[in-house]
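S.K.: So that you can map any letter, position 563 of the first sequence is 562 in numbering that gives the first Met the number 0, and since no number is skipped, the others follow by simple counting. C-beta atoms are modelled at their ideal positions from N, C-alpha and C, and glycine is treated no differently. Just so it is clear, the structure is predicted and the values come from calculations on it, not from any experiment. Quick one: this structure, given as structure tokens, is what I'll be asking you about.
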Amino acid sequence: MEGANGGGDGDGGDRPWQSYHTVYTTAKAGMEGVDKEKVQKVVYEMSKGSKYFQNEERKEAFINQKVQNLRIQCAKLTEADLVHYRKVADRRIVELEASRDLSRIWLHVDMDAFYAAVETLSNPTLQGKPMAVGSMSMISTANYEARKFGVRAAMPGFIARKLCPELIFVPIDFKKYTYYSDLTRKVFRIYDPNFIAGSLDEAYLDITEVCKERNVNSEEVCSDINKPNGQYILPNDRMAVMTFVSSLPIRKIGGIGKVTEHILKGVFEINTCEQMLEKSSYLYAILSQPTAEFFCSVGLGLGQKDSPQVRFRKSISNERTFSATEDEVLLHKKLVELAEMLSVDMQKEGLCGRTLTLKLKTASFEVRTRAVTLQKYISSSEDILKHAKKLLKAELPISVRLIGLRVSQFNGDKCSAAPDPTQKTITNFITSGDVNRNCSSFPDVADLDFVSDAETNLSIDNRQTSQLDWRDPFVGNYLSDGDHQSCIVQKNGVEEVQTPSNDATSSHHSGFTEGSTSFQGQFEGINVMNESKLREGARLNSCCQETTMLWLNDYKCSLCGIELPPSFVEERLEHSDFHLAEKLQKEESRIHQPYVPSRSRNQKDGITRQSKSKKQKLSNKEGKYTPIDSFFVKK
DNA sequence: CTCACTGCA
DNA sequence: TCCGTGCAGTGAG
């Protein structure tokens, strides 16, 4: 093997900025015309010399060293070794191929700049202006106008501002995004009650049955569900998949990030998925078996194996960044706060765990974790604090900028909700909710059954809430939105569709020596196949039912008057989908009470949380998926 | 088990 | 002035 040429590896000579690898130079939607060189230069100039930067350099040097080591290992492989590993790899590839399953049709939905889109919706004056959701220290997402300047998610705000001085910053408001996300999920649930929610703005739907029911193929569905922009159809035949995958840059694959890409390129000269297969003997020779296997399945365009199913959380944690300090009193105070927050979160979900991990980030950005595993399961803030203090004390003369606490090793039976069959749907609802839930600062679906005492204490007076129903997703700034009627259908940029993919592969892979990842996302577009998802005749029926409700004289839409003869089956379905979405949204806003401008409302968070929980409870009372039909009862 | 580290949204 | 948070997961020791 020669000439590593790790793709853009700078030499650090006269163009030092080229050697500073950041995550935000990767091509993203809306960043096609960006002058990458210029952006990189600005980022470099803004970062250079900082503690953060120095730490990045340290890490990068370490990785480079690893690349060197692996290259040496490769070079040491004998001819016999290579013959052997060729066989090993080929055999596995055949097995993997045999496991390919093209029978399911998956729809992957990914909303464009979701947070930014929502913010624009509630403040239309943002329309057309470069805007980012986030703060000076971190940006969560940027709209397309901002992306033209190279501004993007995960970039610190002060750098973004340098790139785009007129950039408008909007503080992050999860409540708002959760609200809109829930709207979209109601629609997803119609098509696949068991859809997998990746995050607030992302979902995977198994639409195999819908297609069958409506007697359409994925292509038709795609254009059916989404008129305009951005869908991509990957046919479920092997050749199409292989072609798609072959030229795909490895970085597009879920689970392959900056470091893995660097190693794959630097050590194996792998740049595309196709090359994973070509180099598979080296992969098996040098890397762990699961890791090699993962890469091979990527090369074959196979998805992950196990259906994401009802996966219980394995840990719960919180962490906060602050200006670095070594003041022990201050650090202790932070620890107390974290312990209390964590305890509240745990009780909300009925969790008890026996491993406590303390995380510290030093003033120089070095991360350190320290853990204890106890005999007994804990969840109270006192217990957490007691052990956390010990862990911290052991590190003590130290200057830190972040403290975090994590509890894991849960008590399976008693604390975590038992999989009671009657609760199954709701459990699904919760778990499919967010794999990664965010800040504890806003309520999430998991609250509904566990409104704890602690939570009650937060609200000022929960009696009045039951009357008033102050739920309003937009506690935020900005105008209201008489307009949020129209958002959903057009806003959710359904992006793409479909495909096969299979089982095979052990769903995990690893990162080389240390790192790894989760391989949940796969490619954007290639998807998971999972065995049987239960069928939902009921769901489809409800669709059809309400369709007939809508058509006066079997001809005219009772809601908007549009005329569509019975023979226009697909058009009708689509039309009713439209009204469904619209209706859901109206319903939602109605329940959520008329919008009250924020200045006139003085309720505290606790109240909002209360009522939100209540609402969730109501709408799920039946234990079925959302009572879709109820939305079609004319009021 | 512990710890460092990757990756993802 | 200035680079986050919460989760899953791997693998070496």
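#1: To the nearest angstrom, how far is the alpha carbon of E144 from that of F61?
#2: Taking C-beta to C-beta, are I383 and L350 nearer than 8 Å?
#3: Please state the DSSP three-state secondary structure of F311.
#4: Report yes if the C-beta distance between E325 and P396 is below 8 Å; otherwise report no.
#5: When DSSP builds the beta bridges, which residues end up paired with T271?
#6: Exposed or buried, P155, counting other C-beta atoms within 10 Å across all chains shown (16 or more means buried)?
#7: Can you look up I397 in the DSSP assignment and give me helix, strand or coil?
#8: Rounded to whole angstroms, how far is the Cβ of L337 from the Cβ of L390, which I believe are closer than 8 Å?
#9: In the structure shown, what three-state DSSP assignment does A648 receive?
#10: Taking all protein chains shown into account, decide if I262 is buried (16 or more other Cβ within 10 angstroms of its Cβ) or exposed.
#11: Which residues in the same chain as K37 place their Cβ atom closer than 8 Å to its Cβ, once the five residues preceding and following it in sequence are excluded?
#12: For D13 and H20, what's the separation of their Cα atoms in angstroms?
#13: Between which residues of its own chain and N476 is the CB-CB distance below 6 Å, once the five residues before and five after are set aside?
#14: Between the region 128–147 and the region 202–210, do at least 3 Cβ pairs fall closer than 8 Å?
#15: Between the Cα of V117 and those of P170, N410 and K333, spot the shortest distance and give me the residue it belongs to.
#16: By how many angstroms is the C-alpha of A152 removed from the C-alpha of D666?
#17: From the DSSP output, in three-state form, read off I262 for me.
#18: Rounded to whole angstroms, what's the CA-CA distance from G256 to R250? Just pull it up for me.
#19: Does DSSP classify M154 as helix, strand or coil?
#20: Nearest by alpha-carbon distance to Y376: which of L359, A284, Q346 and F364 is it?
#21: So, at 8 Å on beta carbons, what are the nonlocal neighbours of L276 in its own chain, with the 5 sequence-adjacent residues on each side left out?
#22: How would you label W16, buried or exposed, when you count the other beta carbons within 10 angstroms and need 16 or more for buried?
#23: Pick helix, strand or coil for Y51, following the three-state DSSP scheme.
#24: Could you check where the beta strand (DSSP E) with A79 kicks off and where it finishes?
#25: Can you pull the DSSP bridge partners for S407?
#26: With DSSP as the reference, label I167 as helix, strand or coil.
#27: Could you tell me which of L355, S322, R367 and S316 sits nearest to D344, measuring between CA atoms?
#28: Residues in the same chain with beta-carbon distance under 8 Å from Q39, minus the five sequence neighbours each way, listed in chain order, please.
#29: Which value, in whole angstroms, describes the spacing of the CA atoms of R160 and L359?
#30: Between L355 and L404, is the Cβ-Cβ spacing less than 8 Å?
#31: If you draw a straight line from the C-alpha of Q126 to the C-alpha of L106, how long is it?
#32: Buried or exposed: where does H366 fall if 16 or more other Cβ atoms within 10 Å of its Cβ makes it buried?
#33: Can you give the Cα-Cα distance for S102 and N235, rounded to whole angstroms?
#34: Quick one, which of V258, E219, S279 and A370 has its alpha-carbon nearest Q64's?
M.R.: Quick answer:
#1: Taking the straight line from one Cα to the other gives about 37 Å.
#2: No, Cβ-Cβ distance for I383 and L350 is not below 8 Å.
#3: coil
#4: yes
#5: The bridge partners DSSP lists for T271 are P248.
#6: So P155 counts as buried.
#7: coil
#8: At roughly 12 Å, the Cβ-Cβ gap does not stay under 8 Å, so L337 and L390 are not in contact.
#9: Outside the displayed range of the chain (0 to 634) lies residue 648, so it cannot be described from this structure.
#10: buried
#11: G149
#12: Going by the C-alpha atoms only, they are around 16 Å apart.
#13: With a pLDDT of only 30 at N476, under the threshold of 50, the placement of this residue in the model should not be trusted, and no figure is reported.
#14: no
#15: P170
#16: In the structure as shown, the chain starts at 0 and stops at 634, and residue 666 therefore has no counterpart that could be examined.
#17: helix
#18: 6 Å
#19: coil
#20: Of the candidates L359, A284, Q346 and F364, Q346 places its Cα closest to the Cα of Y376.
#21: I92, C295, G298 and L299
#22: buried
#23: helix
#24: No beta strand (DSSP E) holds A79; the alpha helix (DSSP H) holding it covers E78 to A97.
#25: S314 and T354
#26: strand
#27: Check the Cα spacing between D344 and each of L355, S322, R367 and S316: the tightest is with S316.
#28: W16, Q17, Y19, T21 and T24
#29: 29 Å
#30: yes
#31: 29 Å
#32: Before going on, a small fix: residue 366 reads as Val here, not His. Exposed.
#33: Per the coordinates, the alpha-carbon of S102 lies some 8 Å from the alpha-carbon of N235.
#34: Nearest neighbour of Q64 by Cα position, chosen from V258, E219, S279 and A370, turns out to be V258.
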